[in-house]
Structures are given as structure tokens and as C-alpha cells.
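This report concerns only the one structure given below.
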Amino acid sequence: MGPLRPCLFFYLFLRGDLVAKPSTDTWDKEFSPWNDPDEKPLIRFKNVTKKFGDFVAIDDLTLDIYTREFFALLGPSGCGKTTMMRMLAGFESVTEGTIELAGQNIADVPPNQRAVNMMFQSYALFPHLSIYDNIAFGLKRDKLPKDKIDARVAEMLKLVRLEKFARRKPHQISGGQRQRVALARSLAKGPKLLLLDEPLGALDKKLRQDTQFELMDIQETTGTTFVIVTHDQEEAMTVASRVAVMDEGRIIQVATPGGIYEGPNSVYVADFIGDVNIITGTAKAAGESKYYVDWGVNQAPILATSERPFSDGQECHLAIRPEKISITKEKPEEAENAVQGKVLDIAYLGNLSTYHVELPGGQIIKAQTANTRRLSRRNITWEDPVWIRWNATAGVLLAE
Amino acid sequence: MRRFAMIAVPYGWLAVLFLIPFLIVFKISLSDAALAIPPYAPTMKDGFGALLQGLDFENFVFLTTDDLYYKAYLSSLKIAFFSTFFTLLVGYPMAYGMARAPEEWRATLMLLVILPFWTSFLIRVYALIGILSNEGLLNQFLLWLGVISEPLVILNTNIAVYVGIVYTYLPFMILPIYAALDRMDDSLIEAAEDLGCSRMSAFWLVTIPLSKNGIIAGCFLVFIPALGEFVIPSLLGGSGTLMIGKVLFEEFFNNRDWPVASAVAVILLLILIIPIVLFQRNQQKQAEAEG
Amino acid sequence: MKRLSPFNITSLTLGFAFLYLPMILLVIYSFNSSKLVTVWAGFSTKWYGELLRDEAFLDAALVTIKVAVMSSALATVLGTMAAYVLVNGGRFFGRTLFSGMIYAPLVMPEVITGLSLLLLFIGIGMDRGVLTIVLAHTTFAMCYVSVVVSSRLVSFDRSLEEAALDLGCNRFDAFRLVTLPIIAPAVISGWLLAFTLSLDDLVIASFVSGPSSTTLPIKIWSSVRLGVSPEINALSTMMIGIVTIGVITASLVSKRKSLNAQKDAQAAERAA
Chain A
1 MGPLRPCLFF YLFLRGDLVA KPSTDTWDKE FSPWNDPDEK PLIRFKNVTK
51 KFGDFVAIDD LTLDIYTREF FALLGPSGCG KTTMMRMLAG FESVTEGTIE
101 LAGQNIADVP PNQRAVNMMF QSYALFPHLS IYDNIAFGLK RDKLPKDKID
151 ARVAEMLKLV RLEKFARRKP HQISGGQRQR VALARSLAKG PKLLLLDEPL
201 GALDKKLRQD TQFELMDIQE TTGTTFVIVT HDQEEAMTVA SRVAVMDEGR
251 IIQVATPGGI YEGPNSVYVA DFIGDVNIIT GTAKAAGESK YYVDWGVNQA
301 PILATSERPF SDGQECHLAI RPEKISITKE KPEEAENAVQ GKVLDIAYLG
351 NLSTYHVELP GGQIIKAQTA NTRRLSRRNI TWEDPVWIRW NATAGVLLAE
Chain B
1 MRRFAMIAVP YGWLAVLFLI PFLIVFKISL SDAALAIPPY APTMKDGFGA
51 LLQGLDFENF VFLTTDDLYY KAYLSSLKIA FFSTFFTLLV GYPMAYGMAR
101 APEEWRATLM LLVILPFWTS FLIRVYALIG ILSNEGLLNQ FLLWLGVISE
151 PLVILNTNIA VYVGIVYTYL PFMILPIYAA LDRMDDSLIE AAEDLGCSRM
201 SAFWLVTIPL SKNGIIAGCF LVFIPALGEF VIPSLLGGSG TLMIGKVLFE
251 EFFNNRDWPV ASAVAVILLL ILIIPIVLFQ RNQQKQAEAE G
Chain C
1 MKRLSPFNIT SLTLGFAFLY LPMILLVIYS FNSSKLVTVW AGFSTKWYGE
51 LLRDEAFLDA ALVTIKVAVM SSALATVLGT MAAYVLVNGG RFFGRTLFSG
101 MIYAPLVMPE VITGLSLLLL FIGIGMDRGV LTIVLAHTTF AMCYVSVVVS
151 SRLVSFDRSL EEAALDLGCN RFDAFRLVTL PIIAPAVISG WLLAFTLSLD
201 DLVIASFVSG PSSTTLPIKI WSSVRLGVSP EINALSTMMI GIVTIGVITA
251 SLVSKRKSLN AQKDAQAAER AA
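So, in C-alpha cells, the structure goes:
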């Protein structure tokens, strides 16, 4: 074990460093069609604009989504994510630009003739039809023979583990089961693309977490391309192969969950996904890809690395996740960045504790530690003077 | 194409059987009575130019000269107003009692209020005749009690009309008030009492204002149809009971004066527009408040 | 916590007594053997017998039922269409006029509706008879149907229709297979309302009926004008009886439905 340990640390260090670069996605080697220039996208939004009267819901948006992707549109309500989905389903027309599905413009294809199916936020299960008839509904529209329909419905019921409930009506099953019926119904016709509008929004938290994994399994089993709309960043991070963060009709960033979390391209994205400390200051070059951030009177400048160039004196924002900041009572030796402060608040979350540390300038920095030992004596308490430290590579330096 | 048919069929139906007939009434109200079939002139047969020239406001002028008509309008307004007030007096305590009744009774009470809705209006008015007439059951009962020594004359007076309107329109008053009271949060009354209100003042300061919209809706729902009522004044009222619906009916069938009957109808509609618009506004405000 | 005060109990008792005593007495006196309707002379069902032998009444009843069946069916179809157009039709030329025409007949005094329709029928030279009554009843009943149906359509989840479109339906199939079955209860109560409105209507029918098409309310009216008669008491009792049985059955059915729904909800919870 002896010589392995430094190697392991070195490896982890390296990996963290690589992840911090937003453009590369080393941990998704096995599936990353968006990095393959020869790959044709399944869906292509080309300069799409959608207006409702004077209101611009989607603003000149361009985006590619690839076959077998699990793509998440993430953003606050009113950001345009649902409009994008409804344009894909055919319920909203495009004001300007084109949407292509498998290379064909779908502007004039009515919703009932698109190889796209949708799972509705309310599930939209037909209350007067049994689970069986709900799933068979789309197949019957295609005038399939009865035995084919039976076989396909049975297959779908098996996929979502509801074989026993085929004869029940929607109001006779639980919310989680309804969600699975809605999924089965929308998958029954074998669409090229499945749209999911807040599919887990109506479930309670525990059920939602279980269902997320089920959704991923089903997506993998069927090989269907999924586009999911959600406002829940945890959900998007869990299920998606790529996430598009949207705001006010525009896409702010498209990247893998890891890329979004570790390498946000803006303060908006950093702030939207997870918890983050933002320290604002001015940049000063400090060697190759390294910068000093001057951020407060009587404070030593912070050392940070960045692939993006900053000119001397340019305003910049350093985004650091709380878990990347460690907290100690004693002054740490040889830290790249260390600041003294005072504990203002402690949030005990069970698995984690978050310390709110007030710096002399009044700024509050959150630092998180894992509670690895049960009921360990926490030696840091309110009003204690403490030191917080982090590495130069821990944060991301952002221009806006 | 289907969308067009969906719109065109009911639209066309209403245009032909509601809008056009109404325009005809308006046109005839401007014509003159004539001893002809149909009994007015000019008609479409006379050509469009003659038609336009022949129209005037003579009938409306006539309505102002004969005091029968404005008396009838005024008395309709008066009867509608007071009977609405009496309906409120009877209906509010009932709605309030229903809203305070135990949960398991409410469906039954509701059913009891709705049941008369489905029962023939004519029969319900008719049922009152047997009660209110001179030798009717009410007089028999009162004589038996010894409260009166001689039968009261109720039938064929305005009192009978009031009773009839309250009796037949009571459900219209109860339902909106009950709906408003039922929505009200009980803890509001408790909060008012907690803050020092007595039972009575809590009722006046909290319950009444919160059921205001229900009261207004109920009053309009009684007032508007009562104004044009024909069956009740004809059956229960006497020769002295003047209500415009009755006048119109008689003008048309007994006097065969179609132009005047039409003019009476046009003015009745003009009078009705005010409460209808107010009612609409109240409903809209309520809908907006509920969001 | 909520308790009925003596005042509440008194007002409810008196109120319901006021609503129901006249009808109860009417029913009781329909079994009175005396011709004098206010003097009780012993139990008898002879007035029912006389009523059922009275050809004029039977004819009128037949005409009334014919009119009610036809006009309620027409009114249900037209009213449902109108409701759908109003709620989901989007914008079209004259939409305000259309919604005005839907709501106006609800507040229009019957004398005016009757008068205007009569003038129309005379104007176009149409003979007055069953057909004119059907047309008149359809016109005002369709407005009631459309109000009842549109209040259901407003709360109808539009995504259900979109789901049907998404699964391959055209608009018409989506309406036929999804919307209509779900709003069916509202359509049925609209139809019931149209049916009773037609059965009940006196004023409009008096304007637009011909000599050969006397409806039951017109017949009742002409005999009631002459005073209370035991035959009318018997007829009223029969009508009240039918309505009471109908309404109570309907409410029992809907109560059972909601009980079943509760059971289903509990079963669903257990299944989860």
C-alpha cells in the first residue's frame, strides 16, 4: 500500500484539474456524440425564435441534440424550456428559424404525424380508459392488428413493471404508478424522440430519486432519445448526459453535468447549479494560466488558475464550491490560499456540515465538511476564529 | 374545415333564431299598427325605401302618453325590488344555516334546495293558489287558530305576487350565498372573536362582508327574471297588479297591437340592460379576485 | 366547533317548510275525493283515473314529450358545440357577438323571446306547430346546455387533448375519443336541463304553438286560470313524483360514485 498512496493522491489531483476545464469531458468517453464532428444530430434548432405577441419566449436559439442522448433543459420557470419542448411536439409553431428532426424540417408536420411523443407534466392519462387502453391508445390510432397491440402493450407493461394493473383505471393506482403508465404510453409507439415535461415533478422526494434511476434504465434499455424539461437541478444532473441551462429564452451553457458543475461559464450557471461562493475582484497575471485576484483591502490576493485569459485589472468573479474549502482552527501551513474569519453559523445537514465564515471585510464564505465520524466532537463552534483554505485549482475564474 | 363547421352551426342557429327575431322586434316597434295580416305597416313587401320612411318612434311616444305603461314599468321595478329584498331576508338565514350545518347533512340540504329547480315552475305557482285563496288552507288554519275572525284576502293582490316570487326564486338566492359562505374559512370568525368581537359583531364585520358577492349575485338572479315575470302576476296577482310582462302579453294577444307590444319589449330590454351589466361586472370582479 | 344555533335551526325549518309545504299539501289534496279542493272528504284516487281518461290531457302530454325529446337532443348537440367553440375555439370573427348570443337568452324575459320568435315565424310564413316549438325550445335550451358544458370544459385539462394529438389522433378523433367521454356527465346534465326546461315552458310555447300543438303547460295554464282543480292536483302530483324520484336517484348515483372514488383512492394508496 505504501507507495500507492501518493500515486492515488496524484491521480485524484490530476483528475480534478482536468475536470475543471469546461471544454473536455474525460469521464464520458464511452458516449459523447457531441464531440464527434461526423455525427449527425437527431434534432437541430437553427436560429429559432418564438414570440407570443410582443413577448420573446425563445431568442435566436441554436442547439443540436444527438441520438440516444438524455438531454435536459434546465432553467427557472418562464425561461422558455417548456416552449422549446412544445415546439418539438408540434403544439407551438416557430416564429423564425427551423427545427430539424433527422435532417428534415418539421415546421409543417402536425403533432399527430411526428415521430415524437411526449410525457405530460400532468401525465394526461385518459381517466375514462383503463391502463391497458391508455397504453394501447396510440397503437390503435396506427390501426395495428389486435395481437400486435396486445404484444406491444404487454411489453410496455413489463418494462414499467405494471403487469398486474392493466385493467385498472388511472385513479385506482398511485401517483408513482401513474407516472410509469404515462411513460409506457408515450414509449409504446416507439418514437424517435421522447419529450418529458417535468416528469417527476408530482412525486415526493424519495420516490423521485428512485424513479430517476428507473428512467435512466428505461432510456438505456429502449435506446430512445430523451429530452427532459426540469427546474430541478439535482434531477437534471442525475439523469442527463448533457444539460442545457436556460434563462430568458436563451441557452447559457450546454455541457455534461460534470462540466456544468465544475466548469460553469458564468456566474449565473455557477449560482443556479448547487451552492457556490462568489468572490469578486480584479485579476493580475501570476504566471502561465495563473492569476492573482485582488478582492479586498488589507487582504492578500487570491491565487487562482484559469484557462480563460484575463487582462491585468479586469474585473473577475471567483466561483468556489463550499466542499472545496476546508476549515481549521489552526493556521494551515503552506496553503495556496488561506484567510482568517469568524464562524457565524453552522448548518448541520446530517451527512455534511456547512460553516458560514465571516471574513474581516464582511464577506461570508461557506465551507463544507463531511461528517465522517458519528457524533464526533465538533471542535469548531459559533464565534470561533477559524482559518479557511483552498487550492488555486479549486475555483473557476469567471468574467461575467 | 371542421373547425369552421363547429363555429358556423351554433353561430348560424343563434343568428337566425335569436338575433334576427330580436331585430324584427326592434323594427316592428318602429312600425305602425294596421288592420292587415300581419297587423302592422310597412312590411318588407313595400320595398326597402318605403320601409325606411315608414319607420318612426310613434309607438314610443305613445308609451309615454298613456300612463298605463310607465305605471306598469314602475310597478314592475317596485315589485321586483321588494320581492328581491324579501327573498334575501328569507334566503340569507337559510344559506347561513346550511353553511353551519354538519358536513353530512349538507348534501341533503343542498338537494332539498335544488329539487324545486327541477319541479315545474307552473305547478309550484299553482300550489300557492290552494294555500292563499280566501277559502285556502292558510286562512282555514288561521281561522282555526283563532288569530283572525275573517279570511284574509291574499290571492289576487300584490302580496300574493310577493309571496309567489319569494317562493319560486328562493333557490336562486340561497345557492350563491351558500357558495360564498361555504368557501369562508371558519378560523376567520374565531380570529375576530379572539381579537375581541362579540358573536354578533363578528357576523356583521366578517361574515356579511365576505358573503357580499354571493348576496349581490343572488339579488341579481332574483331581480332580473322577476322584472319580466309573467306567470306569477297573471296567476296570483289581481286586476290591480301591473307588471310589464303581463301588459306585453295582453297587448299582443288581446289587443293585437304588435307595434306597441314590440315597443314595450324594447323598453323592457333597455331597463334590463343596467342590472345585467352590473351583474356581469360583479361576476367578473369575483372571478378576478379568485384569480 | 361549528354548531347550529337555535336561530339557524329555526330559519332552516321555517324556510324548508315554506318551500315544501305547498307542494306537500298539493300532493295530499290530489287524493281528496271531494271536488271542492280545500275540503277534505276522504281518500280517493279517482282524479287520477279521470286524468288518464282525459284525451285532451293525454294529447298535450304526448306533444310535450315529443317536443322535449327533439329539442333537448338538438339543444345538447348545438350547446356542446357552442361551449367547445367558446372555450377552445380561439379567436374568430364575431366571437364577442357569439358569446353575447349565448348568454343573452339566459337573462332575456321569456315574453320577449317568445314574442320575437313568433314575429320571425310569421315573417317567414312558417305554420305554427310542433316544429316551431321545437325550434324555439332548442334555441333557448342550447344556451343553458352550453353554459353547463363550458363550465366543465374550463376545468378540463387541455393536455389530455394534446396527449391524444401526440399519440396520433386528429382533432375530431381527439374530441370524440377523449374530450367527449370525459365531459359526458356535464353533457348529460345539460341534456336533462334542456329536457326539463322544455317540459316546463309555458310562455314561449304560448307564443309559438299552433292550435294543433297544445303542450301540457299550456293546457294546465288554461285550466288553472279558472281556479284550482283536482285533476290538475293529480297531474302535478305525478309530475312532482317523477322529478323527485329522478333527482334523488341521480344524487344517490353520484354519491355512490364519489364513495367508489374514495375507495379507489384508498386502494391506490395501499398499492403504492
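Chains as they are written, first to last, in the numbering used here: chain A, 1 to 400; chain B, 1 to 291; chain C, 1 to 272.
Just so you know, even glycine gets a beta-carbon here, dropped at the ideal spot from N, CA and C.
Residue closest to residue i, alpha-carbon to alpha-carbon, out of the options
{"i": "Phe-172 (chain B)", "options": "B:Gly-214, B:Glu-58, B:Pro-151", "result": "B:Gly-214"}
{"i": "Lys-290 (chain A)", "options": "A:Pro-360, A:Ala-154, A:Phe-52, A:Leu-303", "result": "A:Leu-303"}
{"i": "Ser-77 (chain A)", "options": "A:Ser-186, A:Ala-166, A:Arg-141, A:Phe-272", "result": "A:Phe-272"}
{"i": "Ser-212 (chain C)", "options": "C:Phe-92, C:Val-63, C:Thr-45", "result": "C:Val-63"}
{"i": "Ala-57 (chain A)", "options": "A:Ala-72, A:Met-84, A:Ile-43", "result": "A:Met-84"}
{"i": "Gly-288 (chain C)", "options": "C:Ile-9, C:Pro-6, C:Phe-140", "result": "In the structure as shown, chain C starts at 1 and stops at 272, and residue 288 (chain C) therefore has no counterpart that could be examined."}
{"i": "Ile-165 (chain B)", "options": "B:Glu-229, B:Leu-17, B:Asn-156, B:Lys-71", "result": "B:Glu-229"}
{"i": "Gly-23 (chain C)", "options": "B:Leu-111, B:Ile-131, B:Ala-95, B:Glu-288", "result": "Checking the sequence, you will find Met at residue 23 (chain C) rather than Gly. Met-23 (chain C) has its Cα closest to that of B:Ile-131, out of B:Leu-111, B:Ile-131, B:Ala-95, B:Glu-288."}
{"i": "Thr-369 (chain A)", "options": "A:Glu-358, A:Ser-353, A:Met-246", "result": "A:Ser-353"}
{"i": "Tyr-84 (chain C)", "options": "B:Asn-59, B:Ile-7, B:Asp-185", "result": "B:Ile-7"}
{"i": "Gly-97 (chain B)", "options": "B:Met-110, B:Phe-86, B:Phe-85", "result": "B:Met-110"}
{"i": "Pro-199 (chain A)", "options": "A:Gln-314, A:Thr-256, A:Ala-182", "result": "A:Ala-182"}
{"i": "Leu-138 (chain B)", "options": "B:Arg-124, B:Val-125, B:Val-153", "result": "B:Val-153"}
{"i": "Thr-113 (chain C)", "options": "C:Ile-242, C:Gly-227, C:Val-203", "result": "C:Val-203"}
{"i": "Tyr-11 (chain B)", "options": "C:Ser-34, C:Thr-45, C:Gly-94, C:Val-39", "result": "C:Gly-94"}
{"i": "Val-254 (chain A)", "options": "A:Thr-280, A:Val-48, A:Phe-52, A:Gly-75", "result": "A:Gly-75"}
{"i": "Ala-127 (chain B)", "options": "C:Ala-268, C:Ser-206, C:Met-81, C:Val-224", "result": "C:Val-224"}
{"i": "Val-264 (chain B)", "options": "B:Leu-14, B:Arg-100, B:Ser-76", "result": "B:Ser-76"}
Cβ of residue i within 8 Å of any chain C Cβ
{"i": "Thr-119 (chain B)", "result": "yes"}
{"i": "Ile-43 (chain A)", "result": "no"}
{"i": "Ile-159 (chain B)", "result": "no"}
{"i": "Tyr-11 (chain A)", "result": "Its pLDDT being 38, under 50, Tyr-11 (chain A) is placed unreliably in this model, and the coordinates cannot settle the point."}
{"i": "Ala-179 (chain B)", "result": "no"}
{"i": "Ala-268 (chain B)", "result": "One detail in the question is off: residue 268 (chain B) reads as Leu in this sequence, not Ala. Answer yes: the Cβ-Cβ gap between Leu-268 (chain B) and chain C drops below 8 Å somewhere."}
{"i": "Ile-224 (chain B)", "result": "yes"}
Cβ of residue i within 8 Å of any chain A Cβ
{"i": "Val-111 (chain C)", "result": "no"}
{"i": "Pro-181 (chain C)", "result": "yes"}
{"i": "Val-178 (chain C)", "result": "yes"}
{"i": "Asn-88 (chain C)", "result": "no"}
{"i": "Leu-160 (chain C)", "result": "yes"}
Any C-beta of chain B under 8 Å from that of residue i
{"i": "Ser-116 (chain C)", "result": "yes"}
{"i": "Leu-259 (chain C)", "result": "no"}
{"i": "Thr-139 (chain C)", "result": "yes"}
{"i": "Met-101 (chain C)", "result": "yes"}
{"i": "Ala-61 (chain C)", "result": "no"}
Cβ separation of residue i and residue j, assumed to be a contact under 8 Å, to the nearest whole Å
{"i": "Met-30 (chain C)", "j": "Pro-185 (chain C)", "result": "Checking the displayed sequence, the identity of residue 30 (chain C) turns out to be Ser instead of Met. 34 Å between Cβ atoms; not a contact."}
{"i": "Tyr-355 (chain A)", "j": "Ile-380 (chain A)", "result": "7 Å"}
{"i": "Thr-98 (chain A)", "j": "Thr-225 (chain A)", "result": "In fact, because the Cβ distance is near 19 Å, the residues do not count as touching under 8 Å."}
{"i": "Ala-89 (chain A)", "j": "Leu-160 (chain C)", "result": "The pair is not a contact, with the Cβ atoms about 14 Å apart (cut-off 8 Å)."}
{"i": "Cys-143 (chain C)", "j": "Gly-100 (chain C)", "result": "Actually they are not in contact, since the Cβ atoms of Cys-143 (chain C) and Gly-100 (chain C) sit about 11 Å apart, beyond 8 Å."}
{"i": "Pro-21 (chain B)", "j": "Leu-106 (chain C)", "result": "So it is not a contact: roughly 16 Å between Cβ atoms."}
{"i": "Ala-180 (chain B)", "j": "Leu-210 (chain B)", "result": "7 Å"}
Chain-ordered chain F contacts of residue i [CB-CB under 8 Å]
{"i": "Leu-78 (chain C)", "result": "Protein chains in the displayed structure are A, B and C, and chain F is not among them."}
Sheet register partners of residue i (DSSP bridge)
{"i": "Ile-385 (chain A)", "result": "The sequence shown places Pro at residue 385 (chain A), rather than the Ile named in the question. DSSP, once it has assigned bridges, lists A:Lys-342 as partnering Pro-385 (chain A)."}
{"i": "Ser-353 (chain A)", "result": "A:Tyr-348, A:Thr-369"}
{"i": "Cys-143 (chain C)", "result": "Answer is none; Cys-143 (chain C) lacks a bridge partner."}
{"i": "Gly-281 (chain A)", "result": "A:Cys-316"}
{"i": "Met-118 (chain A)", "result": "A:Leu-195"}
{"i": "Thr-51 (chain A)", "result": "Rather than Thr, the amino acid found at residue 51 (chain A) in this sequence is Lys. BP columns for Lys-51 (chain A) point to A:Val-56."}
{"i": "Leu-326 (chain A)", "result": "Looking at the sequence provided, one finds Ser at residue 326 (chain A) rather than Leu. A:Arg-389, per the DSSP bridge assignment."}
{"i": "Phe-71 (chain A)", "result": "A:Val-227, A:Arg-242"}
{"i": "Phe-137 (chain A)", "result": "According to DSSP, Phe-137 (chain A) bridges with nothing at all."}
{"i": "Arg-250 (chain A)", "result": "A:Asp-247"}
Original post:
Quick one: any contact between the segment 167-181 of chain A and the segment 137-151 of chain A, if contact means 3 or more CB pairs under 8 Å?
Top reply: no
Original post:
For the segment 242-249 of chain A against the segment 209-227 of chain A, are there 3 or more C-beta pairs whose distance is under 8 Å?
Top reply: no
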